[in-house]
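Inspection log for the structure reproduced underneath, given as C-alpha cells.
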Amino acid sequence: MKPKVLFISALIGCISILVPQASQSAEQSTYPEVGLAKDVIYFVMPDRYLNGDASNDLAGGTTQDPTGGFNPSSTAFFHGGDLKGLTGTCEKGDKGLVRIKELGFTAVWLTPLVGQQQAKSGGAGYHGYWGVDFLNVDSHLGTNEDLSALSACAKKLGLKLILDVVTNHTGDVIQYMDKTASIPAGRESAKNPSWLNDLSSYHNVGDMSRCWGEGSCTQLGDFYGLDDLATEKEVVYKGMIDIYGQWIKKYGFVGFRVDTARHVDNDFFKNWSPGINQQASQVGINNFTTFGEVWDINPINLVGYIRDRGLQTVLDFPFQRTAVQFASGYSGAEVLNNLFENDDLYTTQSSSASNLVTFLGNHDMGRVGFLISASQVKAEKDLQARTQLAHALMYLSRGIPTVYYGDEVGMTGSGNGGDQLSRQDMFATKIDSWKTEKRIGSTPVGNGDS
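In terms of the working numbering, the sequence shown opens at residue 82 and continues consecutively.
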C-alpha cells in the first residue's frame, strides 16, 4: 500500500472556533512581516532524502576509514542522500524538489551543507552540525556545482531556499590537556577559512557541562564537545558574516535558521544580523529572514532574543509543546488560550507573533506522530486523526508553518523517538527498525521507498 499524505482534513471549522485569538491576529495584523511570512516550509535532511549520485557515498574516505563515514546500516552515519537526489530532473513527476512543490510547500529548509569533520567511531556529521569547511559543500552531499543546480531548480519552481547555519561552534578539533587548549599535529589547517584555525578565536574552557573560567558555561563551554567560538570577538562575527554572505550570494538563500542560538554571546546577533542583511541586499534579497533555535517553552524567555538580543524571529517551541498537548488530548483548549494570550509579547516595531516559525516535531525531539503516540494514543485511527488535528492547528494559527520531512507519509519513530531515531530514510532503508516501525495511515515501509 502506498503511504497516504496526511496534512489537514475537515477540521477547519473546529479549529477556527477553538483558536479565535490566533486567526484574528493573523487577519488584522499590520506589523512588519519577515520575508517568509506567507510561506509554508518543508524541513529536510539531504542525507536522508534521496540518493541521486552513488559515486559520492564513500567521499572523504581515508586509509584508516575508507568508508568516509558512510554506513547506511547505522543511524549514526551517512546514508547516501545528496543534493542531486533533491534536485533530480526538476521535471514533472520527479521525487525531489518537484515533489515538494507539488505537495504545496513554498520554501525548503536544508540542514547544514558545509564540509564536516572526519567520522569518529561513534558517528559522522551526516546531519551537518560538525562543520570544519564552512566555504564548501560536504563531499558526501555533492559539490558546490550541485548546490548551484539545486538553486537553479528551486528558482525554476518558485521555491525559496533556507539554509541551516551554525555560528556558535565548529567541529571538534581542539584538544585539552590540564586545561590548556591545543590543535593536534597534522590538523593545524583542518578548518576553512583559515581564521578558524586560530586558537584565539575560541573560548577554550572545556565542555559546556563542566567548563572552567569565569562566565556562563552555556555561552562559553563546548556544546557536546564541539569547539566553541568566541562570538563576542570582531574577528568571529565579521568572519561569520563573510562566510554566510558567500552562501547567500552564490546560491540565493533567502533565509537562515540559526542553530544553538542561545549559546552565542548576548550581542552576537546585534553585530551579525545587520551584516547578513547587508550581504543579502547586495544581491537584491531585501527581506532576508533569520530565525533562531532557542529551545525554550517559555514565551517570556523567548521574546528576549527578539527584543533584546537582535534575532529577527525564533522557532516557536511554546507552540510545539502546546499543540502536541492539545492534539493528543493531554490538555484542553485552555492551553491554546494561554499560549496565544502571550502573543503581544512578541510585538515590536519590526516583528510580531505572526513571524514565529511554528512546527510540531523535528530532528532533535522527534516526530509529531511519535510525540502524540507517546501520550498513550495507541489506536491507529485515533492517532491519525490527532496527528491531522495537530497539523490543522499549525496551518490555521499565526506563524510560519513547518513540516519535517517524512511526516507527510506518516513516519513516526522507534525507541525514544528523538535525535537519530527521527531521521529516517525516504529511500529504501537498511535500518531494520525503520523497516518495521509504525506508519500513520499506512503500513510499515519494509524494503521499499517511503
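Every residue, glycine too, gets a C-beta built ideally from N, C-alpha and C.
Residues near residue i by beta carbon distance below 6 Å, same chain, minus five either side
| i | result |
| --- | --- |
| L502 | G494, S495, G496 |
| G356 | I322 |
| I122 | A188, W190, T483 |
| E374 | D340, A342, L396 |
| G333 | S232 |
| W515 | Q505 |
| D227 | L164, K165 |
| Q327 | none |
| F151 | D138, L139, F159 |
Residue i burial status per 10 Å Cβ neighbour count (16 or more: buried)
| i | result |
| --- | --- |
| P193 | buried |
| L240 | buried |
| I324 | buried |
| D258 | It is Met, not Asp, that sits at residue 258 in the sequence shown. That one is exposed. |
| Q505 | buried |
| I381 | exposed |
| K182 | buried |
| S282 | buried |
| R291 | exposed |
| G185 | exposed |
| D534 | As shown, the chain starts at 82 and ends at 531. That puts residue 534 outside it, with no answer to give. |
| I93 | Residue placement at I93 is poorly supported in this model, since its pLDDT is 38, which falls under 50; the coordinates are not used for a value here. |
| A135 | exposed |
| T143 | exposed |
| D120 | buried |
| V316 | exposed |
| S263 | exposed |
| N443 | buried |
| N419 | exposed |
| N285 | buried |
| V364 | exposed |
| Q145 | exposed |
7 Å Cβ cutoff met for residue i and residue j
| i | j | result |
| --- | --- | --- |
| L244 | F337 | yes |
| A404 | A471 | yes |
| A140 | G149 | yes |
| Y485 | S456 | no |
| F421 | V395 | no |
| A235 | L178 | yes |
| L167 | G223 | no |
| V345 | V246 | no |
| F398 | D424 | no |
| T251 | L280 | no |
| P113 | S409 | no |
| I387 | Q360 | no |
| I481 | L238 | no |
| G209 | A157 | no |
| W353 | Y318 | yes |
| R180 | H160 | no |
| M475 | T517 | no |
| W211 | Q197 | yes |
| N358 | R390 | no |
Residues near residue i in its chain [Cβ-Cβ closer than 8 Å; skip 5 each side]
| i | result |
| --- | --- |
| N225 | N217, V218, K331 |
| G31 | Because the chain in this structure spans residues 82 to 531, residue 31 falls outside the shown range and cannot be described. |
| S362 | F369 |
| S270 | N278 |
| V520 | According to the sequence shown, residue 520 is Arg rather than Val. Result list for R520: P84, V490, G491, M492, T493, V526, in chain order. |
| R268 | V254 |
| E172 | V179 |
| G287 | Y257, K260, W293, G302, D303 |
Assumed close pair residue i, residue j - CB separation to whole angstroms, cut-off 8 Å
| i | j | result |
| --- | --- | --- |
| G527 | G491 | Incorrect: roughly 14 Å between the Cβ atoms, too far for contact. |
| D214 | N273 | 4 Å |
| T312 | T248 | 7 Å |
| K511 | P127 | About 18 Å; that fails the 8 Å criterion. |
| F350 | L392 | 5 Å |
| F451 | G385 | Incorrect: roughly 30 Å between the Cβ atoms, too far for contact. |
| I453 | T429 | Actually they do not touch by this definition, with Cβ atoms about 33 Å apart. |
| L441 | V449 | 4 Å |
| V335 | I366 | 6 Å |
Residues of its chain near residue i, where Cβ-Cβ distance is below 7 Å and the 5 sequence neighbours each way are ignored
| i | result |
| --- | --- |
| A266 | none |
| Q109 | Model confidence at Q109 stands at a pLDDT of 46, short of 50, so the residue's coordinates are unreliable; what they give is reported in the following sentence. Excluding positions up to five away in sequence, the list is empty. |
| M289 | C298, T299, G302, D303, F304 |
| K176 | L131, G169 |
| N137 | D163, S220, H221, G223 |
| M82 | Model confidence at M82 stands at a pLDDT of 41, short of 50, so the residue's coordinates are unreliable and nothing is read from them. |
The ligand FAD heavy atom lying under 6 Å from the CB of residue i
| i | result |
| --- | --- |
| Q363 | For the structure depicted, the ligand FAD is absent and the ligand set is empty, with no information on it obtainable. |
C-beta neighbour in chain C for residue i, strict 7 Å
| i | result |
| --- | --- |
| A271 | Here there is only one protein chain, and chain C is not present. |
Those runs of the alpha helix (DSSP H) which lie wholly inside the stretch 427-488 and span at least 4 residues: 449-454, 461-477
Alpha helix (DSSP H) runs wholly inside the stretch 155-219, at least 4 long, in chain order: 164-168, 178-183
Entirely enclosed alpha helix (DSSP H) segments - the stretch 276-318, minimum 4 residues: 298-301
Any alpha helix (DSSP H) of 4 or more consecutive residues that is wholly inside the stretch 378-421: 380-388, 398-409
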